[in-house]
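Shown next, in structure tokens, is the structure this report addresses.
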Amino acid sequence: MSVVNPQTREWQALSERHHLAPFSDYNQLKSKGPRIITKAQGVHLWDSEGRQILDGMAGLWCVAVGYGREELVQAAQQQMRELPYYNLFFQTAHPPALELAKAITDVAPAGMSHVFFTSSGSEGNDTVLRMVRHYWALKGKPHKQTLISRVNGYHGSTVAGASLGGMSAMHEQGGLPIPGIVHIPQPYWFGEGGDMTPEDFGVWAAEQLEKKILEVGEDNVAAFIAEPVQGAGGVIIPPETYWPKIKEILARYDILFVADEVICGFGRTGEWFGSDYYDLKPDLMTIAKGLTSGYIPMGGVIVRDHVAQVLSEGGDFNHGFTYSGHPVAAAVGLENLRILRDEHIIDTVRSETAPYLQKRLRELQDHPLVGEVRGLGLLGAIELVKDKASRSRYEGQGVGMVCRNFCFDNGLIMRAVGDTMIIAPPLVISHAEIDELIEKARKCLDLTLATLV
Numbered sequence: 003m004s005v006v007n008p009q010t011r012e013w014q015a016l017s018e019r020h021h022l023a024p025f026s027d028y029n030q031l032k033s034k035g036p037r038i039i040t041k042a043q044g045v046h047l048w049d050s051e052g053r054q055i056l057d058g059m060a061g062l063w064c065v066a067v068g069y070g071r072e073e074l075v076q077a078a079q080q081q082m083r084e085l086p087y088y089n090l091f092f093q094t095a096h097p098p099a100l101e102l103a104k105a106i107t108d109v110a111p112a113g114m115s116h117v118f119f120t121s122s123g124s125e126g127n128d129t130v131l132r133m134v135r136h137y138w139a140l141k142g143k144p145h146k147q148t149l150i151s152r153v154n155g156y157h158g159s160t161v162a163g164a165s166l167g168g169m170s171a172m173h174e175q176g177g178l179p180i181p182g183i184v185h186i187p188q189p190y191w192f193g194e195g196g197d198m199t200p201e202d203f204g205v206w207a208a209e210q211l212e213k214k215i216l217e218v219g220e221d222n223v224a225a226f227i228a229e230p231v232q233g234a235g236g237v238i239i240p241p242e243t244y245w246p247k248i249k250e251i252l253a254r255y256d257i258l259f260v261a262d263e264v265i266c267g268f269g270r271t272g273e274w275f276g277s278d279y280y281d282l283k284p285d286l287m288t289i290a291k292g293l294t295s296g297y298i299p300m301g302g303v304i305v306r307d308h309v310a311q312v313l314s315e316g317g318d319f320n321h322g323f324t325y326s327g328h329p330v331a332a333a334v335g336l337e338n339l340r341i342l343r344d345e346h347i348i349d350t351v352r353s354e355t356a357p358y359l360q361k362r363l364r365e366l367q368d369h370p371l372v373g374e375v376r377g378l379g380l381l382g383a384i385e386l387v388k389d390k391a392s393r394s395r396y397e398g399q400g401v402g403m404v405c406r407n408f409c410f411d412n413g414l415i416m417r418a419v420g421d422t423m424i425i426a427p428p429l430v431i432s433h434a435e436i437d438e439l440i441e442k443a444r445k446c447l448d449l450t451l452a453t454l455v
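For the sequence shown, my numbering gives the first residue as 3, with consecutive numbering after it.
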């Protein structure tokens with residue numbers, strides 16, 4: 003990336019001298035410096051060199067209503083003037099948190115009418131671990147401690163969140179996972195389905211849950227946690243047979259089901275929640291990201307009534323965060339939900355922009371480098387392969403990162419998960435902006451292929 007703005011160099015120098023960046027290779031970062039993002043509007047970003055970039059990842063899956071929504075700025079400003087902060091500890095509350103809890107449960111699946119607030123999805127999943135174990139202890143079953151998750155699932159980067167997640171690179175740093183968390187295979191047919199049909203593989207992957215429950219012992223299992231669609235793992239959309247089989251298995255055992263809706267929640271699938279899309283009926287749902295469109299940090303756990311009743315009758319729940327239900331975040335969340343509702347954004351995703359994106363995205367299937375294109379709602383994945391028939395990869399060449407770098411240099415943010423390119427644009431993306439995304443993606447695929455031949 004060429005740099006002509008002297009201020010860019012100054013900011014990059016500050017990064018090298020003072021900033022420890024998240025999820026970054028520090029050697030690579032030091033050698034070329036970070037790209038400095040300075041402003042944003044709608045679905046576009048601008049860097050310090052003045053280059054415009056289409057944000058195909060909505061920040062980190064979160065900027066649902068797009069950048070530059072003055073209503074959210076005004077909501078934060080007004081709340082800061084009135085009550086900038088107070089906590090929810092020790093039998094106190096404030097209107098923004100209470101009103102947001104009601105607004106969330108108004109759009110949540112039926113029977114889920116309570117919310118515990120956090121500052122992030124990671125904290126939400128830490129809360130899940132604490133909450134489900136406490137629930138079973140109150141039910142007189144303190145031995146039900148184990149949570150079952152999936153390999154390559156992502157549930158945050160705190161100690162509990164990273165342990166619940168199934169990413170080996172995270173587990174290798176810090177002695178994770180912590181005890182009491184076990185993992186089953188992911189429903190990733192393209193990468194792991196072998197010679198099975200997608201339908202058969204979906205059933206097989208679901209049956210691994212029952213196998214693990216029996217291995218650990220139903221009396222020891224507290225919950226199964228899963229994303230409706232695995233996001234950071236590569237937009238892994240389960241075969242159609244997967245979730246129906248999972249629901250059959252859960253119905254046979256006395257364990258809780260937790261849907262991690264941090265990515266799928268608040269419209270990403272064309273429904274309010276991924277659990278609505280797949281009719282999952284979870285006992286708890288982790289939320290964050292789209293709740294405030296990323297304008298301010300906030301997360302939480304939506305709790306089904308039967309679980310909330312046990313907790314409410316159990317005395318103290320010794321858990322919480324300084325910023326649980328922060329009034330400014332709650333005010334922004336309320337206004338964000340109003341925008342999603344009143345502007346019919348999720349309806350538009352379901353009926354117009356998601357079908358158009360999925361149609362245009364699949365046009366990339368004919369590219370020589372593309373082994374599979376998949377997606378639903380405003381989620382998409384492009385598998386980069388050496389051979390389409392065998393689904394074999396370019397081993398050791400880092401093709402995904404090559405493509406990602408071409409994207410960044412040509413005005414598009416498309417994330418690489420290994421050799422899978424993924425997108426999740428803002429929910430307000432237009433047909434013309436989808437055309438721009440696909441045009442730039444094809445160009446970057448061409449540039450990537452040219453480096454391999």
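Using N, Cα and C, we set each Cβ at its ideal position, and we do this for glycine too.
For residue i and residue j, I'd like the C-alpha separation in whole angstroms.
i      : j      : result
Phe410 : Trp138 : 48 Å
Asp108 : Arg340 : 12 Å
Gln76  : Glu337 : 9 Å
Gln43  : Pro428 : 11 Å
Gly52  : Gln9   : 12 Å
Met403 : Leu62  : 17 Å
Gly377 : Val401 : 21 Å
Tyr88  : Ala78  : 15 Å
Asp197 : Val153 : 20 Å
Gly113 : Val309 : 10 Å
Val334 : Leu211 : 38 Å
Glu201 : Gln175 : 36 Å
Taking C-alpha atoms, which residue in the options lies nearest to residue i?
i      : options                           : result
Arg395 : Leu381, Pro370 and Phe408         : Pro370
Leu56  : Val45, Trp63 and Ser50            : Val45
Ile436 : Asp389, Val334, Lys388 and Arg364 : Arg364
Thr294 : Leu31, Leu22, Pro144 and Leu74    : Leu74
Thr450 : Met423, Leu439 and Glu438         : Met423
Gly420 : Cys405, Trp274 and Leu414         : Cys405
Ala207 : Gly193, Gly373 and Leu131         : Gly193
Pro189 : Ala434, Ile248, Glu354 and Gly163 : Ile248
Glu345 : Gln175, Arg71, Pro179 and Gly123  : Arg71
Gly2   : Ala356, Ala418, Arg306 and Gly182 : The question about residue 2 has no answer, for the chain in this structure spans 3 to 455.
Just reading off the beta strand (DSSP E) that residue i is part of, what are its end residues?
i      : result
Ala42  : Ile39 to Gln43
Ile183 : Ile183 to Ile186
Glu273 : Run containing Glu273: none; DSSP gives neither H nor E here.
Ser151 : Thr148 to Arg152
Ile2   : Because the chain in this structure spans residues 3 to 455, residue 2 falls outside the shown range and cannot be described.
Val260 : Leu258 to Asp262
Asp57  : Gln54 to Asp57
Ile227 : Val223 to Ala228
Are the Cβ atoms of residue i and residue j separated by less than 7 Å?
i      : j      : result
Ala383 : Val237 : yes
Val303 : Gly126 : yes
Val260 : Leu286 : yes
Val184 : Ile150 : yes
Ala426 : Leu381 : yes
Gly292 : Ala99  : no
Asn222 : Thr148 : yes
Arg254 : Gly379 : no
Glu354 : Gly373 : no
Ile39  : Leu31  : no
Ala164 : Leu178 : yes
What first and last residue would you give for the alpha helix (DSSP H) that runs through residue i?
i      : result
Ile363 : Looking at the sequence itself, residue 363 is Leu, so the reference to Ile does not match. Where Leu363 is concerned, the enclosing alpha helix (DSSP H) stretches over Ala356 to Arg364.
Is any beta-carbon of chain B found at less than 7 Å from that of residue i?
i      : result
Gly233 : Looking at the structure shown, chain B is missing, and only one protein chain is on hand.
Checklist line | Cβ contact (3+ pairs, closer than 8 Å) linking the segment 111-119 and the segment 307-327 | finding: yes
Margin query: Across the segment 256-273 and the segment 216-230, are there enough close Cβ pairs to call them in contact, namely three or more that are closer than 8 Å?
Written below: yes
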